[in-house]
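Engineer: Below is a structure I'd like to ask you about.
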Amino acid sequence: MGETPFNEKAVTDLTEDEAQEELASLSHVLAEANQAYHVKDAPAISDAEYDALKRRNAEIETRFPALKREDSPTEQVGAAPAEGFSKVRHSVRMLSLSNAFEDSDIADFDASVRRYLGLAGDAPLSYTSEPKIDGLSLALRYENGALVQAATRGDGAEGENVTANARTIDDIPQTLTGAPDILEVRGEVYMSHADFEALNLRQVDRVGKVFANPRNAAAGSLRQLDAEITRSRPLRFFAYSWGELSYPLAETQFGAIERLAGLGFQTNPLTHLCDGPDDMLAHYARIEAQRATLGYDIDGVVYKVNDLGLQGRLGFRSTTPRWAIAHKFPAELAWTRLEAIDIQVGRTGALSPVARLTPVTVGGVVVSNATLHNEDYILGRDSQGNLIREGKDIRVGDWVQVYRAGDVIPKVADVDLSKRPEDAQPYVFPTVCPECGSEAIREEGDAIRRCTGGLICPAQAVEKLKHFVSRGAFDIEGLGAKQIEMFHGDEVLSIREPADIFTLEARDGETLARLKNRDGWGEKSATNLFAAIQTRRHIALERMIFALGIRHVGEAAARDLALHFGSWEALTRAVDTARPAVLAQRAADDAERAERASAAKDARRARIKETRDAAIADRDVPEAAMDSWAELTGIDGIGSVLVLSLSDALANAQERASIDRLVAHLDIQPPERPATEGSPVAGKTVVFTGSLERMTRAEAKARAESLGAKVSGSVSKKTDIVVAGPGAGSKEQKARDLGLTVLDEDGWLELIGA
Ligand code: IVH
Numbered sequence: 007m008g009e010t011p012f013n014e015k016a017v018t019d020l021t022e023d024e025a026q027e028e029l030a031s032l033s034h035v036l037a038e039a040n041q042a043y044h045v046k047d048a049p050a051i052s053d054a055e056y057d058a059l060k061r062r063n064a065e066i067e068t069r070f071p072a073l074k075r076e077d078s079p080t081e082q083v084g085a086a087p088a089e090g091f092s093k094v095r096h097s098v099r100m101l102s103l104s105n106a107f108e109d110s111d112i113a114d115f116d117a118s119v120r121r122y123l124g125l126a127g128d129a130p131l132s133y134t135s136e137p138k139i140d141g142l143s144l145a146l147r148y149e150n151g152a153l154v155q156a157a158t159r160g161d162g163a164e165g166e167n168v169t170a171n172a173r174t175i176d177d178i179p180q181t182l183t184g185a186p187d188i189l190e191v192r193g194e195v196y197m198s199h200a201d202f203e204a205l206n207l208r209q210v211d212r213v214g215k216v217f218a219n220p221r222n223a224a225a226g227s228l229r230q231l232d233a234e235i236t237r238s239r240p241l242r243f244f245a246y247s248w249g250e251l252s253y254p255l256a257e258t259q260f261g262a263i264e265r266l267a268g269l270g271f272q273t274n275p276l277t278h279l280c281d282g283p284d285d286m287l288a289h290y291a292r293i294e295a296q297r298a299t300l301g302y303d304i305d306g307v308v309y310k311v312n313d314l315g316l317q318g319r320l321g322f323r324s325t326t327p328r329w330a331i332a333h334k335f336p337a338e339l340a341w342t343r344l345e346a347i348d349i350q351v352g353r354t355g356a357l358s359p360v361a362r363l364t365p366v367t368v369g370g371v372v373v374s375n376a377t378l379h380n381e382d383y384i385l386g387r388d389s390q391g392n393l394i395r396e397g398k399d400i401r402v403g404d405w406v407q408v409y410r411a412g413d414v415i416p417k418v419a420d421v422d423l424s425k426r427p428e429d430a431q432p433y434v435f436p437t438v439c440p441e442c443g444s445e446a447i448r449e450e451g452d453a454i455r456r457c458t459g460g461l462i463c464p465a466q467a468v469e470k471l472k473h474f475v476s477r478g479a480f481d482i483e484g485l486g487a488k489q490i491e492m493f494h495g496d497e498v499l500s501i502r503e504p505a506d507i508f509t510l511e512a513r514d515g516e517t518l519a520r521l522k523n524r525d526g527w528g529e530k531s532a533t534n535l536f537a538a539i540q541t542r543r544h545i546a547l548e549r550m551i552f553a554l555g556i557r558h559v560g561e562a563a564a565r566d567l568a569l570h571f572g573s574w575e576a577l578t579r580a581v582d583t584a585r586p587a588v589l590a591q592r593a594a595d596d597a598e599r600a601e602r603a604s605a606a607k608d609a610r611r612a613r614i615k616e617t618r619d620a621a622i623a624d625r626d627v628p629e630a631a632m633d634s635w636a637e638l639t640g641i642d643g644i645g646s647v648l649v650l651s652l653s654d655a656l657a658n659a660q661e662r663a664s665i666d667r668l669v670a671h672l673d674i675q676p677p678e679r680p681a682t683e684g685s686p687v688a689g690k691t692v693v694f695t696g697s698l699e700r701m702t703r704a705e706a707k708a709r710a711e712s713l714g715a716k717v718s719g720s721v722s723k724k725t726d727i728v729v730a731g732p733g734a735g736s737k738e739q740k741a742r743d744l745g746l747t748v749l750d751e752d753g754w755l756e757l758i759g760a
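Numbering (this note's numbering), first residue to last: 7 to 760.
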């Protein structure tokens with residue numbers, strides 16, 4: 007094995023450079039040892055030596071967390087570390103599926119598909135139904151019949167290049183005959199139960215650790231940097247979908263799957279054609295009955311609209327297709343003791359109760375924390391005051407039932423009163439923030455109690471900062487949750503608000519000198535961090551909006567706002583202008599609540615509307631404010647609750663000053679628009695009004711947006727085109743008064759070339 011891979015020095019005496027060098031050499035040596043063992047079946051070092059090297063590696067990583075390598079041996083069970091995988095941009099995004107848990111969700115899914123397509127309830131509409139394989143998805147690109155690339159899903163836009171690894175999997179054909187010139191086949195890599203058991207037996211002997219479940223084993227095996235290790239792992243592949251195609255595979259989902267099978271792919275034998283929700287549920291029951299004997303893990307059933315033309319019309323929401331849904335199997339359950347209830351304070355001040363549990367295995371994963379949602383949930387009530395768990399409350403010391411549904415945080419479902427300790431006390435939810443002592447209040451209609459400390463609450467500030475640097479936001483390399491906690495608490499190198507990140511390097515002229523002397527930091531990691539921060543001064547508008555961590559403004563909404571306004575200035579101008587209308591809406595909400603409480607039932611509807619209108623009229627809101635309000639709430643996907651929250655955040659003097667300080671350091675880039683070259687409506691604002699006959703409103707909107715148009719709900723001077731169907735009323739009139747282009751449905755379809 008050549009020279010000794012580690013320095014003679016104690017870990018505590020290592021300099022940063024020495025540590026970095028040693029981690030590299032350890033990762034190399036451990037990789038070779040793994041390869042010798044797994045692939046050549048000829049161990050190069052003893053198990054004891056191997057363990058000592060791994061321990062040394064872990065000790066160095068603990069002392070220098072910033073130096074931990076991406077291919078760190080501690081993250082891998084028997085893995086062979088080497089250089090990281092290169093990245094692959096997916097030419098067609100790899101999306102996920104929305105989930106259904108109840109039978110009624112399937113009827114709802116069918117209804118929503120019909121609504122979108124404008125199909126009557128009794129019009130024929132068939133779906134495929136097939137098992138949802140619990141593995142990891144893989145995209146295989148074939149050009150002229152040859153496998154040229156394999157990529158993992160990654161974040162959907164960009165995955166890892168695992169071509170060499172995929173080539174070692176028997177189920178994946180290297181060449182195809184009679185396939186379209188460009189064919190990207192997508193499917194699931196998985197491991198069978200029998201292969202998983204056998205692999206784990208080998209793992210126990212080899213590294214004293216086992217994979218938690220077949221999915222982890224499949225992922226760990228595919229993502230080996232040494233493809234020879236992947237070859238030694240028994241991976242399999244089912245094809246169920248596709249990405250880029252130079253020629254369609256078939257006219258139906260079912261036909262396309264048959265075509266893939268004909269080309270030599272494994273397709274799931276339980277794939278079945280169903281003629282509606284009853285049939286789908288019957289097939290679900292059949293698959294569920296076979297679940298235990300299939301020999302591989304599945305976690306539900308996937309339904310897809312069979313007609314590919316209709317799939318095309320249905321299209322996608324931001325991350326999921328409208329034409330498919332995953333019907334998940336009920337979650338796995340376990341019972342354990344509730345040891346304590348802790349309160350965590352989130353970035354929007356929400357006080358979340360967290361159950362600390364005696365560790366218990368739920369579906370192959372050890373669970374020691376679970377969410378308790380909110381104070382009503384602990385008391386045995388839902389947000390409407392209805393009883394849940396027959397009204398049983400949850401107390402520290404109780405025996406509780408825990409479940410995991412999909413990948414989400416485990417939850418506490420039930421409590422066993424027969425095992426309640428005699429001295430167990432009802433849980434008293436705090437009314438002051440445990441972090442900053444500010445009052446914690448619950449607004450009417452809100453299930454959540456929130457700390458009112460705002461930026462003075464350290465927990466809120468830290469959580470906001472963690473969100474700010476997170477993946478969909480500024481995503482600064484080397485500045486994750488752990489580092490944020492360190493900097494937040496630091497006297498000199500403090501980061502208290504986002505703008506501080508951008509002043510860190512120049513803080514006192516000695517930042518570098520100070521930082522490189524901190525535990526876990528050195529010259530290299532500090533300069534890398536400053537460089538990463540520099541590159542993020544140029545930031546996409548949607549990331550900037552999302553990064554602010556404003557309640558209700560998630561990634562999809564941030565994108566919608568960015569696409570609509572195109573610049574930070576235009577967005578803030580609209581939000582600021584709308585402020586008087588926002589305040590009037592809130593007054594109207596309050597008036598409505600009061601009215602609801604007092605009015606007699608039958609008189610209610612009309613009275614409520616009157617009350618709202620009066621409350622708004624009373625405030626004498628400027629027309630420009632009403633226009634901006636209408637523009638904001640008219641954006642598809644943006645509702646009044648979000649606009650209220652966004653407006654409150656930007657109107658809060660402290661918060662706005664903090665945002666302005668941040669903006670001064672940034673160069674905010676306009677959002678990338680979908681490729682709309684040659685689109686006659688790119689950048690135009692379009693309003694649909696009246697009824698449409700050849701497509702539904704939702705479809706028209708989605709189509710217009712995919713062509714680069716902005717779709718709004720209200721007509722103003724800024725509108726470019728109004729598409730008016732039969733029954734269009736005041737909006738069409740207003741458009742004509744303003745002299746705007748008014749088209750009928752056929753005129754619109756002609757314009758967009760449909
Ligand atoms: S279709 C546009 N079909 O489930 C989405 N996905 O939760 C196309 N999966 O990322 C996916 N079995 O990794 C589809 N029969 C199946 C599946 C399946 C497993 C996975 C896939 C996807 C995830 C979504």
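Note that the Cβ used here is the ideal one computed from N, Cα and C, for glycine as well.
Here the structure is a predicted model, which is why all the values come from computation and not from measurement.
By how many angstroms is the C-alpha of SER476 removed from the C-alpha of GLY555?
Structural biologist: Their backbone Cα atoms lie some 10 Å apart in a straight line.
Engineer: Taking 8 Å as the cut-off, does the CB of ASN312 come closer than this to any heavy atom belonging to ligand 1?
Structural biologist: No - ligand 1 has no heavy atom lying nearer than 8 Å to the Cβ of ASN312.
Engineer: Closer than 8 Å: is that where the CB of MET100 sits relative to any heavy atom of ligand 1?
Structural biologist: Yes, the Cβ of MET100 comes within 8 Å of a heavy atom of ligand 1.
Engineer: At a cut-off of 8 Å, would you count GLU136 as near ligand 1, judging by its Cβ distance to the nearest heavy atom?
Structural biologist: Result yes, Cβ under 8 Å from ligand 1.
Engineer: How many whole angstroms separate the CB atoms of ILE482 and ILE539, which I take to be in contact at a CB cut-off of 8 Å?
Structural biologist: Their Cβ separation, rounded to whole angstroms, is 6 Å, which keeps ILE482 and ILE539 in contact under 8 Å.
Engineer: Hey, could you find the ends of the beta strand (DSSP E) HIS278 is sitting in?
Structural biologist: Here the beta strand (DSSP E) through HIS278 covers 278-280.
Engineer: Indicate whether the contact test is met: 3 or more Cβ pairs, each with one atom in the region 520-534 and one in the region 21-38, closer than 8 Å.
Structural biologist: The region 520-534, when compared against the region 21-38, does touch it at the 8 Å Cβ threshold.
Engineer: Use the C-beta contact count for ALA537: other C-beta atoms within 10 angstroms, 16 or more gives buried, fewer gives exposed.
Structural biologist: Answer is exposed; the Cβ neighbour count stays below 16.
Engineer: Counting C-beta neighbours from all protein chains within 10 Å, is the total for ARG545 16 or more, i.e. buried, or is it exposed?
Structural biologist: Note on identity: in this sequence residue 545 is Ile, with Arg being the wrong assignment. It is buried - the Cβ of ILE545 has at least 16 other Cβ atoms within 10 Å.
Engineer: For ASP6, count the other beta carbons within 10 Å of its own beta carbon; 16 or more makes it buried, fewer makes it exposed. Which is it?
Structural biologist: Coverage of the chain is limited to positions 7 through 760, which leaves residue 6 absent and any answer about it impossible.
Engineer: At 4 residues or longer, what runs of the alpha helix (DSSP H) sit wholly inside the region 272-325?
Structural biologist: Qualifying alpha helix (DSSP H) stretches, in chain order: 283-296, 314-320.
Engineer: With a cut-off of 8 Å on the beta carbons, I'd call LEU287 and ARG221 a contact; round off their distance for me.
Structural biologist: No, LEU287 and ARG221 are not in contact; Cβ-Cβ is about 26 Å, not under 8 Å.
Engineer: Give the range of the alpha helix (DSSP H) segment to which ILE263 is assigned.
Structural biologist: Its alpha helix (DSSP H) spans residues 259-268.
Engineer: Which residue from MET197, GLU203, ARG387, GLU108 puts its Cα closest to that of TYR290?
Structural biologist: The option with the nearest alpha carbon to TYR290 is GLU108.
Engineer: Ligand 1 and ILE175: does the residue's C-beta get closer than 8 Å to at least one heavy atom of that ligand?
Structural biologist: No, Cβ of ILE175 sits at least 8 Å from all heavy atoms of ligand 1.
Engineer: Take the Cβ of ILE400 as the centre, count every other Cβ of all protein chains shown within 10 Å, and call the residue buried at 16 or more, exposed below.
Structural biologist: Looking at its Cβ environment, which holds 16 or more other Cβ atoms inside 10 Å, ILE400 is buried.
Engineer: Mind checking whether SER500 and HIS558 have CB atoms under 9 Å apart?
Structural biologist: Cβ distance not < 9 Å, so SER500 and HIS558 don't count as in contact.
Engineer: Out of curiosity, what's the CA-to-CA distance linking VAL649 and VAL581?
Structural biologist: Going by the C-alpha atoms only, they are around 8 Å apart.
Engineer: For ALA798, which residues of its own chain have a beta-carbon under 7 Å away from its beta-carbon, when the five flanking residues on both sides are left out?
Structural biologist: Shown here, the chain extends from 7 to 760; a query on residue 798 therefore has no answer.
Engineer: Let me make sure I understand the geometry here. Which of PHE244, GLY249, GLU257, TRP248 has the alpha-carbon closest to that of THR277?
Structural biologist: Answer by Cα proximity: PHE244.
Engineer: Shorter than 8 Å, the distance from the beta carbon of ASP111 to the closest heavy atom of ligand 1, or not?
Structural biologist: Every heavy atom of ligand 1 is 8 Å or more from the Cβ of ASP111, so no.
Engineer: Given a cut-off of 9 Å on the beta-carbon distance, is the pair THR377 and VAL360 in contact?
Structural biologist: Taking 9 Å as the Cβ cut-off, THR377 and VAL360 qualify as a contacting pair.
Engineer: Taking just the CA atoms, how far does VAL406 sit from THR364?
Structural biologist: The alpha-carbon atoms of THR364 and VAL406 are separated by roughly 10 Å.
Engineer: Can you look up ASP481 in the DSSP assignment and give me helix, strand or coil?
Structural biologist: Three-state DSSP puts ASP481 in coil, outside helix and strand.
Engineer: Would you please state the rounded distance, in angstroms, between the beta carbons of ARG700 and GLU637? I believe it to be under 8 Å.
Structural biologist: Not quite, the Cβ-Cβ distance comes to about 28 Å (not below 8 Å), so this is no contact.
Engineer: With a threshold of 6 Å on Cβ separation, who are the neighbours of ASN380 within its own chain once the five nearest residues in sequence on each side are excluded?
Structural biologist: Once the five neighbours on either side are set aside, the close Cβ partners of ASN380 are ALA453, ILE454.
Engineer: Report the CB separation of VAL373 from ARG395 in whole angstroms; it is logged as a contact under 8 Å.
Structural biologist: Incorrect: roughly 19 Å between the Cβ atoms, too far for contact.
Engineer: State the DSSP-derived secondary structure class of MET550, mapped to helix, strand or coil.
Structural biologist: Correct three-state label for MET550: helix.
Engineer: Please tell me whether LEU314 and ALA185 are closer than 9 Å, where the distance is taken between their beta carbons.
Structural biologist: Not in contact: LEU314 and ALA185 (Cβ atoms no closer than 9 Å).
Engineer: Output needed for GLN350: all residues of its chain with C-beta closer than 6 Å, excluding positions within five of it in sequence on either side, in chain order.
Structural biologist: Once the five neighbours on either side are set aside, the close Cβ partners of GLN350 are SER358, VAL360.
Engineer: Please work out which residues of its chain come closer than 7 Å, Cβ to Cβ, to ASP388, disregarding the five sequence neighbours upstream and downstream, and give them in chain order.
Structural biologist: If we look at ASP388 and ignore the five residues flanking it on each side, its Cβ neighbours are ASP382, ILE394.
Engineer: Rounded to the nearest angstrom, what separates GLY261 and SER424 at their Cα positions?
Structural biologist: The alpha-carbon atoms of GLY261 and SER424 are separated by roughly 55 Å.
Engineer: Determine the closest residue to LEU437 out of ASP429, CYS457, ALA419, with distance taken between C-alpha atoms.
Structural biologist: The identity of residue 437 in the sequence shown is Thr, whereas the question assumes Leu. Residue CYS457 is the option with its Cα nearest to THR437.
Engineer: Work out the CA separation of PRO327 and LEU189 for me, nearest whole Å.
Structural biologist: Computed Cα separation, rounded: 20 Å.
Engineer: Given a threshold of 16 other Cβ atoms within 10 Å of its Cβ, counted over all protein chains shown, does SER795 qualify as buried or as exposed?
Structural biologist: With the chain covering only 7 through 760, there is no way to say anything about residue 795.
Engineer: Based on DSSP bridge pairs, tell me the residues matched to GLY193.
Structural biologist: LEU144, ALA245.
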